[in-house]
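K.L.:
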Amino acid sequence: MPVRPRRCSSARPATTPATSRVPRSRPRWCRWTNPGATHPPATTRARPGGLTPSRATPRAAERWCSSATPSPRATRHRARPGSGPATSSARASRPRRRLSASNAAISGNTITVEPNPYMPPGDPYRCCGLPTPQRLGRDVLSLPGARTVVPMAGTSDIGGGALGPPVPADQVIAAYRAVIGRPHSHDLRVVGLALIPMGLEPSNPREQVRQQVNAWIRSGQGWDAVADTDRALRDPAVPWRILHAWADKAYVAPTGGVYHPNAAGHAVMAAAIRTAVLTPRAPGPGARDEAAGLLDAHPDRQAGAYSRLVGGMAGHRRDWEALGEIDPLYAILSAPDAKHGAWNLPAFLATGDADAARIMTACGALGLPGSRGSSFELGCGVGRITRALSPSFRRSVGVDISAPMIERAREMNADRPNCAWMVNDAPDLATFDDGAFDLVVSFIVLQHVPDRAVISSYLREMARVLAPGGALVVQMPASMPLRQRIQWRRRAYHGLRAARVPERTLYDRLGLDPIRMNWMARRDVEAAVRLGGADVIAVQDGWLGDGSRVGREENLTYIATR
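Under this note's numbering, the first residue of the sequence shown is numbered 1, with each subsequent residue one higher.
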């Protein structure tokens with residue numbers, strides 16, 4: 001069911017070959033069709049640039065990413081049209097160019113098995129289609145102007161027949177080799193995708209087959225590039241499972257696993273695929289190794305995979321790692337006379353004791369938390385508040401985006417055996433289970449996160465990990481004067497860093513730092529907490545009623561429970 005690539009609602013000259021254009025008699029927006037459908041067409045029109053199911057099989061509107069086993073996807077590259085040939089040529093040479101994509105995916109499609117294990121009795125090929133090798137010529141190779149094919153199949157072969165054994169790995173690999181060879185004979189690049197986690201434990205034979213197939217895909221044999229979608233989606237703590245925030249738990253496979261990503265998971269996959277597709281190189285072993293190395297250079301939770309959700313989290317992490325090296329105590333609590341290492345350590349820790357006492361007093365007045373099992377602090381820094389809470393709880397956990405901060409926390413709090421310290425550079429708390437903590441705290445942290453979408457994600461996640469009867473205490477500015485939003489010191493810092501001025505020089509000699517200030521309206525904070533399953537039951541001015549202001553913005557503290 002290829003989408004006919006067309007520049008929608010544009011009167012400028014196209015840069016693609018004339019043979020790939022849709023006749024002008026058709027609407028100027030895209031139409032989604034399935035040549036193999038058996039039921040009558042029902043042509044409808046959509047907004048310009050949209051996709052319209054014209055002759056669609058079930059769940060057609062979700063097929064671009066909802067299937068964990070999509071078959072080959074033909075991807076056409078096309079330069080952004082400009083005012084003339086010279087402009088188009090220049091833009092075509094840029095690495096970040098616009099793509100046209102033709103979706104040939106079918107939910108439940110297989111690469112080896114026939115009949116398909118998902119196919120309803122008496123409904124041949126309508127749900128899941130012919131196996132990928134048989135569909136390749138009809139749905140992909142026949143598309144004019146295609147340059148790259150991105151096949152991903154095999155998950156249904158491995159896990160589809162819940163009552164029978166999985167298809168052996170060598171059979172899946174042999175089918176992939178046949179699929180790779182045909183596009184190459186048509187001078188098309190082929191980008192391989194690692195099979196995404198299926199939610200099955202390592203001892204499961206199906207998971208063992210998936211690992212064998214992925215090892216072959218990552219080897220680059222026959223591929224022009226490889227996008228490790230398995231690494232991009234998996235939970236680092238439980239690598240055989242999709243990260244909690246990226247799994248669509250509405251779809252459970254017959255084997256009991258969950259291997260359908262949600263919308264955020266699809267964005268993660270798209271980012272990994274885009275990196276491989278946009279890397280210009282000629283086919284060959286060297287090109288394949290370079291593509292694989294480009295992806296392997298990133299950690300499991302690579303920043304590029306967060307393009308929709310986290311925005312500038314990678315830069316945010318670098319800023320706070322630099323502050324953790326240069327002046328960690330001032331970065332955590334910016335007293336006017338405490339810069340350049342001037343904080344007295346006992347006085348600094350005493351502020352944590354005072355804040356912890358204020359937290360327990362405010363929560364105790366509301367009868368919270370109901371239990372004293374475990375506490376959690378988001379953005380713990382060197383552990384100022386986490387260590388102060390530890391005598392009141394059996395276990396206290398602190399997480400921070402900055403690895404130097406966490407290393408310092410471990411050194412400073414070696415005498416607190418019930419404290420645990422973790423680096424968390426993700427826009428979620430997926431490492432932790434639902435309802436894991438009786439007290440969840442975040443103080444002067446979220447106001448420094450650059451993207452409000454990430455702030456909302458953290459608020460939802462903090463509410464999610466809160467135990468029933470527990471207390472969530474979080475501080476966040478509710479407004480900020482326009483003049484203060486300019487933040488010229490931060491802008492100057494980043495401008496000079498781009499010119500390769502050392503961080504120490506900027507901080508020590510010029511008095512510049514990368515600390516960002518953000519804010520979120522009260523209604524948005526309460527809505528995000530509610531989405532996580534908790535309810536705000538008290539809101540106090542300043543830090544738990546002390547009337548303080550961070551700069552000139554309105555500063556609020558929220559207490560929630562579930």
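Just so you know, even glycine gets a beta-carbon here, dropped at the ideal spot from N, CA and C.
Restricting to Cα atoms, I'd like to know which of 110, 155, 171, 111 is closest to residue 206.
P.N.:
Per the Cα distances, 155.
K.L.:
Which residue wins for smallest C-alpha separation from residue 215, given the options 200, 231, 267, 204?
P.N.:
Minimum Cα distance to residue 215 is reached at 231.
K.L.:
Could you check where the alpha helix (DSSP H) with residue 418 kicks off and where it finishes?
P.N.:
Premise fails: residue 418 is in no alpha helix (DSSP H) and is neither H nor E.
K.L.:
For residue 525, which three-state DSSP category applies?
P.N.:
Note: residue 525 maps to helix in three-state DSSP.
K.L.:
Would you say residue 493 and residue 326 are within 9 Å of each other, going by their C-beta atoms?
P.N.:
In this structure, residue 326 does not lie closer than 9 Å to residue 493 by Cβ.
K.L.:
Residue 531 to residue 463, Cα distance in whole Å?
P.N.:
Near 8 Å, if we compare the C-alpha coordinates of residue 463 and residue 531.
K.L.:
What are the start and end residues of the beta strand (DSSP E) that includes residue 437?
P.N.:
437-442 is the extent of the beta strand (DSSP E) around residue 437.
K.L.:
Between 346, 315, 415, which has its C-alpha nearest residue 451's C-alpha?
P.N.:
It is 315.
K.L.:
Which residue wins for smallest C-alpha separation from residue 265, given the options 219, 221, 197, 319?
P.N.:
The option with the nearest alpha carbon to residue 265 is 197.
K.L.:
When burial is assigned at 16 or more other CB atoms within 10 Å of the CB, is residue 344 buried or exposed?
P.N.:
Result: exposed.
K.L.:
Mind checking whether residue 277 and residue 191 have CB atoms under 9 Å apart?
P.N.:
Result yes, Cβ atoms of residue 277 and residue 191 sit closer than 9 Å.
K.L.:
To the nearest angstrom, how far is the alpha carbon of residue 477 from that of residue 518?
P.N.:
Going by the C-alpha atoms only, they are around 7 Å apart.
K.L.:
In terms of DSSP beta bridges, what is residue 471 paired with?
P.N.:
Note: residue 471 sits in a beta bridge opposite 439.
K.L.:
Between the segment 329-339 and the segment 416-432, can you find at least three pairs of beta-carbon atoms closer than 8 Å?
P.N.:
Contact fails: fewer than three Cβ-Cβ distances are below 8 Å.
K.L.:
One question on the structure: do residue 193 and residue 152 come within less than 9 Å of each other, judged by their Cβ atoms?
P.N.:
Contact flag set, yes.
K.L.:
For residue 237, which residues in the same chain have their Cβ closer than 7 Å to its Cβ, ignoring the five residues on either side in sequence?
P.N.:
Contacts found: 431.
K.L.:
Starting from residue 559, follow its DSSP beta bridges and name the residues at the other end.
P.N.:
Answer is 473, 538, bridged to residue 559.
K.L.:
Grouping DSSP H, G and I as helix and E and B as strand, with all else coil, what is residue 376?
P.N.:
Reduced to three states, the DSSP call for residue 376 is strand.
K.L.:
At which residues does the beta strand (DSSP E) containing residue 219 begin and terminate?
P.N.:
Per DSSP, residue 219 belongs to no beta strand (DSSP E) and is neither H nor E.
K.L.:
What residue from 557, 495, 331 has the CA that sits closest to residue 442's CA?
P.N.:
It is 557.
K.L.:
How should residue 456 be labelled, buried or exposed, when 16 other C-beta atoms within 10 angstroms of its C-beta is the threshold for buried?
P.N.:
Buried.
K.L.:
Hey, would you say residue 525 sits closer than 9 Å to residue 466, going by beta carbons?
P.N.:
No, the pair does not count as a contact, with Cβ atoms beyond the cut-off.
K.L.:
Rounded to whole angstroms, what is the Cα-Cα separation between residue 384 and residue 104?
P.N.:
One C-alpha to the other measures close to 54 Å.
K.L.:
On the premise that residue 470 lies in contact with residue 366, defined as a C-beta separation below 8 Å, what is that separation, rounded to the nearest angstrom?
P.N.:
With 8 Å as the limit, residue 366 and residue 470 do not qualify as a contact, their Cβ atoms being about 11 Å apart.
K.L.:
Please check the pair residue 393 and residue 375, which I expect to be a contact at CB under 8 Å, by giving their CB distance rounded to whole angstroms.
P.N.:
Confirmed, about 4 Å.
K.L.:
Report the start-end ranges of each beta strand (DSSP E) in the segment 378-402 that is 3 residues or longer and not cut off at the edges.
P.N.:
Counting only runs of 3 or more, we get 395-400.
K.L.:
With the cut-off set at 9 Å, would you say residue 440 and residue 405 are in Cβ contact?
P.N.:
No, Cβ-Cβ distance for residue 440 and residue 405 is not below 9 Å.
K.L.:
Report the option in 411, 220, 497 whose CA atom is closest to the CA atom of residue 318.
P.N.:
Answer by Cα proximity: 497.
K.L.:
May I have the straight-line CA-CA distance separating residue 479 from residue 453, to the nearest angstrom?
P.N.:
For residue 479 and residue 453, the distance between alpha carbons rounds to 17 Å.
K.L.:
Under 9 Å, do residue 386 and residue 419 count as touching if we go by C-beta distance?
P.N.:
Closer than 9 Å, so yes.
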